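Residue numbers (my numbering), protein chains in the order written: chain A, 2 to 304; chain B, 2 to 659.
Backbone N, C-alpha and C define an ideal beta-carbon position, used for all residues, glycine too.
Model, not experiment: these values are computed from the prediction.
What follows is one structure encoded as structure tokens, with my remarks underneath.
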Amino acid sequence: MNLLSLIPPVLALILSPLLLGVINRVKARFAGRRGPPLLQVYYDLAKLLRKGAVYSRTTTWVFRAGPVVGLAAVLTALCLMPLGGVPALWKFPGDFILLTGLLGLMRFAMVGAALDTGSSFEGMGASREVWISALAEPALLVALATLARQAQELSLTRICAALSEQHWLHTGPVLALVVVALGLVLLAENARIPVDDPNTHLELTMIHEVMVLDHGGPDFAFILYGAALKLWLFAALVTGMVIPAGSLSPWPNLVAGLGGVFLVAIGVGVVESVMARLRLLIVPQLLVGAGALAATAFLLGLK
Amino acid sequence: MNALLLVALALLPATGFAAWFWGRTGRNPSGLAAAGVVAASVFGGLPAIYVLLGGELMPWRFPWPVPGGEFHLETDALTAWFLVPLFLLSACAAVYGAGFWRNGIATRRLGNAWLFYCLLVFAMMLVLLARNALLFLFAWELMALSSFFLVVFEQERATVRRPGWIYLGLSQAGAAFLFALLLILGHKANSMDFTHWAWRGVDSPVLAGVLFALAVLGFGAKAGFVPLHIWLPEAHPAAPSHVSALMSGVLIKTGIYGLIRTLTFLGEPAAWWGGTLLGIGLLTAIFGVTFALAQHDLKRLLAYSSVENIGLMAAGLGLGLLGWCLGEPVVGVLGLAAALLHAFNHTLFKGLLFLGAGSVLHATGSRQFEDLGGLLKPLPWTGALFGLGAVALCGLPPLNGFLSELLLMLTAFGSVLSPENPLAVAGLLTVAVLALVSGLAVATFSKAFGATFLGEPRKPTTTPQENTGTMRAAMCILAAACVAVGFFGFMLVTPLQRVVAVLSPQFPKLFPASPSPLVWVSGAGVALLVLVAGLAVWRKTLLARRTVDATVTWDCGYARPHPRMQYTASSFAQPLTALFRALLRNRVRLSPPTGILPTAARLATEAPDLCAERLARPLFARLTTRLARWRWLQHGNVQLYVLYIALTLLALLLWKLR
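Written out as structure tokens, the structure is:
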């Protein structure tokens with residue numbers, strides 16, 4: 002095992018809440034506000050971990066298991082994600098299928114916890130969550146299939162390593178389309194504008210936030226941290242596709258990867274600032290569009 | 002080892018008739034029958050495992066006084082691969098049935114039912130072992146008939162008789178194609194023995210194509226390929242739950258087995274076979290999961306989910322064949338292995354889920370989601386085990402469903418990398434459909450699990466009773482098998498390699514690089530478990546020193562929350578059913594609240610099967626009017642029928658003398 006591979010998961014564990022801080026700071030700048038401190042999410046996590054909890058009498062162990070299983074799944078998934086050109090801790094043919102499987106397990110656990118409350122709000126959130134993810138998953142995997150074909154490799158680390166600046170020079174449009182598709186999937190999977198609004202205050206309009214209405218204390222800290230790690234995973238995925246890692250040595254690679262992840266966070270902040278949330282009924286069109294972009298990229302890449 | 006298999010083969014009908022006799026003498030035969038089936042399963046399972054571990058069993062041949070027939074049995078790796086789940090599920094379902102059919106039913110009826118149960122297991126075993134076409138057809142028909150009698154166990158209800166007839170009709174129609182297939186093959190080879198057919202191939206590609214089409218139709222009717230699936234959502238809910246488990250878990254897989262076995266007779270496959278099978282598979286998967294999502298009945302939902310899973314197996318098989326023909330043997334071997342592993346896994350988790358549905362039905366008397374809810378508290382075991390089965394079915398790590406999902410996806414990604422553009426595009430299509438289907442499966446099963454076990458009871462009933470010892474034990478064994486395969490799946494790679502070698506000895510290794518991805522997945526599963534345990538302990542210590550309160554669910558300050566206000570299963574599925582309305586054609590009957598002081602409002606949604614409504618119903622209606630013209634032949638007069646027989650014999654004689 003390469004000791005260097007331990008660095009990306011450790012960085013993710015330490016820095017992922019900062020991504021949310023960066024997004025909020027960018028949004029505040031756009032709105033002309035000063036915004037919350039960059040470390041606000043860390044303060045929130047520390048506060049939540051010190052709190053007690055209140056549980057609904059309707060709930061069972063499924064409600065309590067949701068955040069634990071969700072966080073454990075996303076932590077496991079961290080070991081599969083390279084950062085820039087730094088290889089992942091585990092790499093094998095089809096590791097991204099395990100990654101999507103683990104994210105699916107996280108979703109199943111959270112949906113189960115939401116349904117366990119018996120609340121119609123949370124049922125609605127869970128319903129929308131499975132609806133959106135069922136459409137986001139094909140787009141994600143078609144994008145990955147396009148990348149796999151371009152790189153002629155079947156593991157995330159190898160794909161990231163094989164995509165060089167030569168690919169960008171020769172098949173630039175293909176990769177650009179894939180990056181756009183992956184970006185849309187990132188926004189949908191992480192409940193960001195234009196699919197979901199993390200700052201909304203009305204239960205009826207939320208998706209991710211409404212599913213966790215009844216969680217509090219350490220449970221909610223797990224959820225918040227899990228969401229930050231999930232955002233990190235997707236940001237690292239997009240970054241890995243964009244940075245031609247093969248040509249750099251490990252340390253510059255790591256710096257480039259880290260820079261890329263934070264650039265993605267800034268990008269998310271910009272998108273959230275300049276556009277409004279889409280009507281819910283338009284969301285499937287957006288995600289099918291992402292899938293279509295990725296499929297177009299695939300067809301363009303055929304020889 | 003061979004003797005053990007013979008003992009199992011003899012023990013099953015013996016147990017059946019003993020149970021039948023016990024039932025007639027007024028004693029409850031359930032315990033006796035379950036013990037017999039378990040013993041037969043152990044005796045039969047050991048030789049099957051022995052073969053999968055690399056052992057060889059001599060074939061048997063006994064004379065059978067039927068022209069062209071011979072009692073020729075053989076256990077190769079392909080047979081053994083299907084025998085193991087057959088025995089496991091038969092034993093579990095029998096143990097469960099012993100608890101399910103305990104009291105309150107006339108012993109005579111129970112005796113009959115157990116006779117058919119034992120005959121069904123016997124017939125399925127014989128289907129897998131038979132190496133003679135006539136013996137195979139005999140076993141196939143015995144399987145169809147015994148399962149028909151089990152489906153109509155509650156025959157006094159019309160809602161059970163009608164599905165029974167649909168099932169019998171479709172399985173006989175399917176069998177007609179199989180008669181044609183096997184008789185043509187037998188005529189060509191001038192022998193009814195499978196060993197004479199294997200690897201000879203069929204000289205003309207047109208004939209081979211016709212035979213392949215016959216096999217797809219004949220075996221597809223049993224497996225449930227769209228549009229031949231229409232019996233599944235009818236028969237599964239009608240049958241007693243452990244019989245549904247057996248039918249969905251094993252019986253429909255005999256269709257997949259038959260298809261693979263037929264491929265060994267037809268020689269080199271053609272690319273269009275793979276393409277056809279892939280198309281049918283993907284269509285079946287999408288169709289199955291979409292209709293599963295729209296169902297209001299737990300067992301109907303499970304039946305449609307079986308249609309989906311059969312589609313996934315066909316897709317794996319089809320993509321494998323396509324890869325094999327287009328010069329990608331690695332894709333070929335992966336696709337076949339994925340289909341086989343998925344068949345194995347589906348037996349485990351679908352068996353578990355049907356048994357869980359049986360416990361729900363037993364406890365509440367209802368299968369309708371709108372009557373259920375909050376059952377995890379009164380039924381903690383059933384709920385937890387059903388939840389485990391749902392996670393496995395959704396193909397989520399670390400359970401067994403994920404392994405076959407991984408193999409299917411690896412097949413598709415393997416094709417995506419291929420330099421052959423058609424194969425790459427087929428692979429991409431498979432990737433997209435598999436991803437969509439797995440997303441919809443998560444939606445379907447979070448709905449099924451959530452609406453049944455989570456939240457508050459939607460209908461106040463008397464306290465439901467948790468299932469008893471034997472029923473729970475059967476479910477626990479299946480759940481343990483799901484977990485075990487999930488964590489030790491890599492040990493199945495070598496047996497799978499042996500099974501695939503039955504189809505073509507020249508296949509390359511399944512996973513050339515060591516360690517295989519399955520080892521990594523097992524490792525990740527262990528890491529996941531450790532993390533879950535660690536986080537759970539941490540959470541517990543954090544909360545140990547704090548105040549933990551209990552209150553009502555957040556209700557937005559509403560004063561009088563009521564269980565009927567919960568999100569219903571239909572509402573949960575609504576965004577996705579609306580998205581697929583072109584396929585579902587769901588009917589919505591709405592009488593909205595009107596006036597200033599509205600009194601009553603109604604909303605009913607229904608998703609009748611598209612194929613049954615638009616294809617089967619008009620077809621059968623036309624068939625009935627056409628055939629009614631020949632009704633004058635039927636008089637119910639015995640002498641007339643004797644005359645018919647005599648005339649037929651005379652005609653045959655004249656034809657022979659010609």
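- The three-state secondary structure of alanine 293 of chain A, taken from DSSP, is helix.
- Note that the C-beta distance between glutamate 273 of chain A and lysine 28 of chain A is below 8 Å.
- Between the alpha carbons of serine 517 of chain B and serine 156 of chain A lies a distance of about 13 Å.
- Residue pairing by DSSP puts glutamine 369 of chain B in a beta bridge opposite B:Asp298.
- Look at the region 23-55 of chain A: the residues with a C-beta under 8 Å from a C-beta of chain B are Leu50, Lys52, Gly53, Ala54 and Val55.
- Interface annotation, glutamate 421 of chain B: not in contact with chain A, CB-CB separation never under 8 Å.
- Residue state for valine 589 of chain B is assigned as strand, using DSSP reduced to three classes.
- Going by beta carbons, leucine 294 of chain A and alanine 163 of chain A fall outside the 8 Å limit.
- Boundaries of the alpha helix (DSSP H) around phenylalanine 18 of chain B: 3-25.
- Annotation: glutamate 71 of chain B is outside any alpha helix (DSSP H); the continuous beta strand (DSSP E) that includes it extends over 71-74.
- Cβ-Cβ separation between alanine 340 of chain B and leucine 90 of chain B: approximately 18 Å, too far for a contact (criterion under 8 Å).
- Beta-carbon to beta-carbon, alanine 272 of chain B and valine 143 of chain A are separated by about 23 Å, too far to satisfy the 8 Å threshold.
- Those residues of the region 263-274 of chain A placed with their C-beta closer than 7 Å to a C-beta in chain B do not exist.
- Around the CB of asparagine 29 of chain B, 16 or more other CB atoms lie within 10 Å, so the residue is classed as buried.
- Every alpha helix (DSSP H) stretch that sits fully inside the region 568-654 of chain B and reaches 4 residues is listed by chain position as 570-580, 582-585 and 618-629.
- Here phenylalanine 63 of chain B carries a strand assignment [DSSP, helix/strand/coil].
- In the assembly as shown, aspartate 117 of chain A is a buried residue. Its beta-carbon has 16 or more other beta-carbons within 10 Å.
- Only buried fits glycine 319 of chain B, as 16 or more other CB atoms lie within 10 angstroms of its CB.
- Against chain A, a Cβ distance below 8 Å from methionine 566 of chain B picks out Ser121.
- Taking 8 Å as the cut-off, the Cβ atoms of alanine 316 of chain B and threonine 431 of chain B count as close.
- Proximity of the region 56-72 of chain B to the region 480-487 of chain B falls short of the contact definition, fewer than three beta-carbon pairs being nearer than 8 Å.
- Tryptophan 252 of chain A is positioned such that its CB atom lies no closer than 8 Å to that of proline 576 of chain B.
- No Cβ-Cβ contact shorter than 8 Å links leucine 386 of chain B with alanine 482 of chain B.
- Burial is judged here by how many other beta carbons sit within 10 angstroms of a residue's own beta carbon; threonine 569 of chain B has at least 16 and is buried.
- Residue-level contact check: glycine 85 of chain A does not touch chain B, since none of the beta carbons of chain B fall below 8 Å from its beta carbon.
- Taking glycine 98 of chain B as the centre and dropping the five residues before and after it, the same chain places the C-beta of His243 closer than 6 Å to its C-beta, in chain order.
- For serine 405 of chain B, there is no enclosing beta strand (DSSP E); the enclosing alpha helix (DSSP H) has its first and last residue at 401-417.
- Residue range 54-57 is occupied by the beta strand (DSSP E) that includes serine 57 of chain A.
- Secondary structure of leucine 84 of chain B (DSSP, three-state): helix.
- Take the alpha-carbon of glycine 165 of chain B and the one of valine 153 of chain B: they are about 6 Å apart.
- Not a single CB atom of chain A sits nearer than 8 Å to the CB of cysteine 93 of chain B.
- Counting C-beta pairs with one atom in each stretch, the region 252-262 of chain A and the region 100-115 of chain A have fewer than three that are closer than 8 Å, which means they do not touch.
- Using a Cβ-Cβ cut-off of 8 Å, serine 6 of chain A does not count as an interface residue toward chain B, since no Cβ of chain B sits closer than that to its own.
- Residues of the same chain with a CB within less than 6 Å of the CB of alanine 613 of chain B, apart from the 5 flanking positions on each side, are Ile231 in chain order.
- Here lysine 48 of chain A is exposed, its C-beta having fewer than 16 other C-beta atoms within 10 Å.
- Scanning the region 246-272 of chain B for uninterrupted alpha helix (DSSP H) segments of 4 residues or longer gives 254-264, listed from N- to C-terminal end.
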